[in-house]
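As you go down the protein sequences, you meet chains A and B in turn.
According to the UniProt record's numbering, the first sequence holds residues 1 to 196 in order.
According to the UniProt record's numbering, the second sequence holds residues 1 to 196 in order.
Every residue, glycine too, gets a C-beta built ideally from N, C-alpha and C.
Working notes, beginning with the structure itself.
Protein chains: 2
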Amino acid sequence: MRLALVHELQAAIPACVVHAAATIATALELIEANQFALILIDPGLPGYDPQSGMDRLKTISTIVERTPAAIHIVITGAESAQEWEEVRTIGVAGYIAKNSLKPGTMTAILQTIADHGCCVGLMHETSMSPEVYHTVLSPREQELVQWMMQRPANISRKAIYDQLGEHLNIDAASAERYYKRAKAKLLKLGQLPDSI
Amino acid sequence: MRLALVHELQAAIPACVVHAAATIATALELIEANQFALILIDPGLPGYDPQSGMDRLKTISTIVERTPAAIHIVITGAESAQEWEEVRTIGVAGYIAKNSLKPGTMTAILQTIADHGCCVGLMHETSMSPEVYHTVLSPREQELVQWMMQRPANISRKAIYDQLGEHLNIDAASAERYYKRAKAKLLKLGQLPDSI
DNA sequence: GACGAAAGTGACGGCGCTGTCCCTATTTGC
DNA sequence: GCAAATAGGGACAGCGCCGTCACTTTCGTC
């Protein structure tokens with residue numbers, strides 16, 4: 001889980017160094033030994049950390065107080081607008097619900113913080129369409145299949161190719177070829193979804 | 001977060017197809033449209049799902065009842081030995097705490113289920129050493145640096161190379177070269193950690 | 001002074017993913 | 001019927017990661 005966050009961060013910030021801590025104790029060691037520009041805090045479940053009986057708010061404020069030079073973002077599983085208000089007064093710049101953390105969201109969040117000084121929030125899942133992942137497909141192929149499966153019936157495939165070309169900065173023709181290769185792979189392995 | 005789980009699964013099971021659902025509603029659609037061999041359930045935070053007021057146990061039992069042919073594993077953030085006992089009687093084969101979910105754990109869990117029929121549990125973090133991730137390093141290099149930083153003072157680097165060679169099925173000499181290349185990269189970019 | 005452990009550097013083949021280009025049937029719509 | 005969209009397959013260069021081989025230098029110790 002930590003790793004997933006690290007990857008999101010690395011995707012959002014090219015050429016960065018990320019330190020991760022499993023417990024509050026190690027986190028406190030880290031912020032004493034290093035100067036961080038950005039700190040993500042996941043307070044974990046209430047009263048979870050075995051090392052200390054600290055609760056969520058105490059955990060957050062402790063870290064924020066000891067690192068006044070850094071920008072702070074709280075990642076939480078149990079989102080709460082009230083908590084967001086509370087941590088905001090402490091000096092936290094962002095508050096993200098894990099549920100709204102899709103690939104790329106981190107980039108957007110950081111951008112918003114950079115622009116509007118601080119302050120971002122939480123939104124609920126909008127796309128509830130199921131997701132399918134095939135190990136035989138490369139990431140690009142995977143993405144193409146994903147997009148194509150979400151295509152509304154009244155839109156031509158060609159339009160999707162164009163969209164994708166723009167979105168990924170590649171030729172629409174290349175996008176087309178990706179999709180075809182992906183489909184061929186799935187067909188050969190008998191993993192052809194009905195929805196294609 | 002879902003993605004992280006999917007990746008763990010894909011790493012554990014070569015050549016598989018993974019379906020993922022963001023909500024119980026979509027999950028129920030999926031299990032009606034497909035025949036699954038393995039089902040991971042993350043009941044989420046208590047009373048979280050906006051679509052239904054189902055609580056954790058109800059969510060789990062609903063899914064288990066409707067898919068008698070599948071093996072079920074529950075992934076939870078708020079681990080509880082009592083809950084594990086409860087879901088076990090329902091027919092759940094595994095119970096994993098998110099905190100003990102390190103890369104590779106999934107493989108071990110599935111192996112244990114395959115061997116011992118069912119039944120796996122939860123253990124707390126043992127290694128609390130901090131983790132560092134550099135975008136400039138390739139995964140292999142990253143791993144090498146990680147290992148080397150955890151080296152006890154009384155063990156020669158050569159011994160680590162041998163360990164790694166065995167662990168990764170590569171030449172100890174190659175491991176040595178990886179480490180050196182990684183160090184060179186970090187040095188050139190001024191990101192040299194003190195602990196090397 | 002000699003010898004071995006450790007450090008630093010350069011180069012190479014293999015492989016998979018990416019993005020591109022080209023060519024041919026079949027189906028769909030006007 | 002004709003044109004455009006859809007479907008299918010084959011080839012290629014670039015690039016990064018992986019694993020390997022070889023060579024030089026520095027340091028500490030015996």
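- Query: Mapping DSSP to helix, strand and coil, what is T23/B?
  - Reply: Coil.
- Message: Less than 7 Å between CB atoms is the rule here; does M1/A satisfy it with respect to chain B?
- Response: Contact with chain B is found for M1/A, since one of that chain's Cβ atoms lies less than 7 Å from the residue's Cβ.
- Item | Where the beta strand (DSSP E) containing S131/A begins and where it ends | Per the sequence shown, the amino acid found at residue 131/A is Glu instead of Ser. Counting along the chain, the beta strand (DSSP E) containing E131/A begins and ends at E131 to H134.
- Selection from H116/B, I109/B, A153/B and A184/B that minimises the alpha carbon distance to E141/B: For E141/B, the nearest C-alpha among the options comes from A184/B.
- Report yes or no: is there a C-beta of chain B within less than 7 Å of the C-beta of E8/A? No, its Cβ sits nowhere closer than 7 Å to a Cβ of chain B.
- Task: Examine the Cβ distances between the segment 94 to 101 of chain A and the segment 134 to 148 of chain A and report whether three or more of them are shorter than 8 Å.
- Result: In the pairwise beta carbon analysis, the segment 94 to 101 of chain A is classified as not touching the segment 134 to 148 of chain A: fewer than three pairs are separated by under 8 Å.
- DSSP state of H72/B mapped onto helix, strand, coil: It is a strand residue.
- Spell out whether any CB of chain B is found under 7 Å from the CB atom of C16/A. Closer than 7 Å: yes.
- Item | Cβ shell of N169/A (< 7 Å), same chain only, five flanking positions each side left out | No residues qualify anywhere along the chain.
- Query: Near R151/B, which residues of its chain fall below 6 Å by C-beta distance, leaving aside the five closest residues on each side in sequence?
  - Reply: Once the five neighbours on either side are set aside, the close Cβ partners of R151/B are I160.
- Query: Whose Cβ in chain B lies nearer than 7 Å to the Cβ of H134/A?
  - Reply: What H134/A touches in chain B, judged by beta-carbon distance under 7 Å, is V17, going in chain order.
- Task: Find the nearest neighbour of V17/B within the set K102/B, E29/B and L38/B, judged by alpha-carbon distance.
- Result: Measuring from the Cα of V17/B, the nearest candidate turns out to be L38/B.
- Can the beta-carbon of I90/B be found less than 7 Å from the beta-carbon of I63/B? By the CB criterion at 7 Å, I90/B and I63/B fall outside the cutoff.
- Message: Between the alpha carbons of P68/A and Q35/A, how many angstroms are there, rounded?
- Response: The straight-line gap from Cα to Cα measures roughly 10 Å.
- Message: Could you give the first and the last residue of the continuous alpha helix (DSSP H) run that contains G165/B?
- Response: Element bounds for G165/B: R157 to L168.
- My understanding is that C130/A touches H19/B, with C-beta atoms under 8 Å, so please give their C-beta distance in whole angstroms. It should be pointed out that residue 130/A corresponds to Pro in this sequence rather than to Cys. Taking the Cβ atoms as the reference, P130/A lies roughly 6 Å from H19/B, within the contact range of under 8 Å.
- Query: Listing by chain order, which chain A residues have their CB less than 7 Å from the CB of Q82/B?
  - Reply: For Q82/B, there are no C-beta contacts with chain A under 7 Å, since the nearest C-beta of that chain is about 16 Å from it.
- Task: Could you spell out the range, first to last residue, of the beta strand (DSSP E) harbouring A37/B?
- Result: Note, A37/B: premise wrong, no beta strand (DSSP E); not H, not E.
- L30/A CB to nearest chain B CB: under 7 Å? Chain B, which has a Cβ nearer than 7 Å to the Cβ of L30/A, makes this yes.
- Buried versus exposed call for R177/B [16 or more other C-beta atoms within 10 Å across all chains shown]: Burial call: exposed.
- Query: Should G190/B go down as buried or exposed, given a rule of 16 or more other Cβ atoms within 10 Å for buried?
  - Reply: G190/B should be labelled exposed.
- Step through the CB atoms of chain A and report whether any lies within less than 7 Å of the CB of E131/B. Closer than 7 Å to some Cβ of chain A, the Cβ of E131/B qualifies, so yes.
- Taking only beta-carbon positions, decide if Q150/B is within less than 7 Å of chain A. Taking Cβ atoms only, chain A never reaches closer than 7 Å to Q150/B, which makes this a no.
- Three-state secondary structure (DSSP) at I13/A? Residue state, collapsed to three classes: coil.
- Query: Considering only the beta carbon of each residue, do A93/B and I109/B sit closer than 7 Å?
  - Reply: Not a contact, by the Cβ cut-off of 7 Å.
- Query: Which residues, taken in chain order from the segment 98 to 124 of chain A, show a beta carbon closer than 9 Å to some beta carbon of chain B?
  - Reply: So the close ones are K98, N99, L101, K102, P103 and H124.
- Status (buried if at least 16 other CB within 10 Å, exposed otherwise) for I73/A: So I73/A ends up on the buried side.
- Message: Counting only C-beta atoms, is A21/A closer than 7 Å to chain B at any point?
- Response: By this cut-off, A21/A is an interface position.
- Evaluate A15/B with the Cβ neighbour count: other Cβ atoms within 10 Å of its Cβ, from every protein chain shown; 16 or more gives buried, anything less gives exposed. So A15/B counts as exposed.
- How is A78/B classed by DSSP in three states: helix, strand or coil? Correct three-state label for A78/B: coil.
- For M1/B and M106/A, believed in contact at Cβ under 8 Å, the rounded distance: Here M106/A is actually not in contact with M1/B; their C-beta atoms are around 12 Å apart, not less than 8 Å.
- Task: Kindly list the residues whose CB is nearer than 8 Å to the CB of Q146/B, restricted to its own chain and excluding five residues on each side of it in sequence; keep chain order.
- Result: Around Q146/B: E131 and V132.
- Message: Please report whether the beta-carbon of A159/A lies at a distance below 7 Å from any beta-carbon of chain B.
- Response: Nearest CB-CB separation between A159/A and chain B: not below the 7 Å threshold.
- Message: 7 Å is my cut-off, CB to CB: does A4/B come that close to chain A?
- Response: Chain A has a Cβ within less than 7 Å of the Cβ of A4/B.
- Find the nearest neighbour of E86/A within the set R66/A, C119/A and Q111/A, judged by alpha-carbon distance. With distances taken between Cα atoms, E86/A lies closest to C119/A.
- Consult DSSP for A97/B and reduce its assignment to one of helix, strand or coil. Of the three classes helix, strand and coil, the one that applies to A97/B here is strand, per DSSP.
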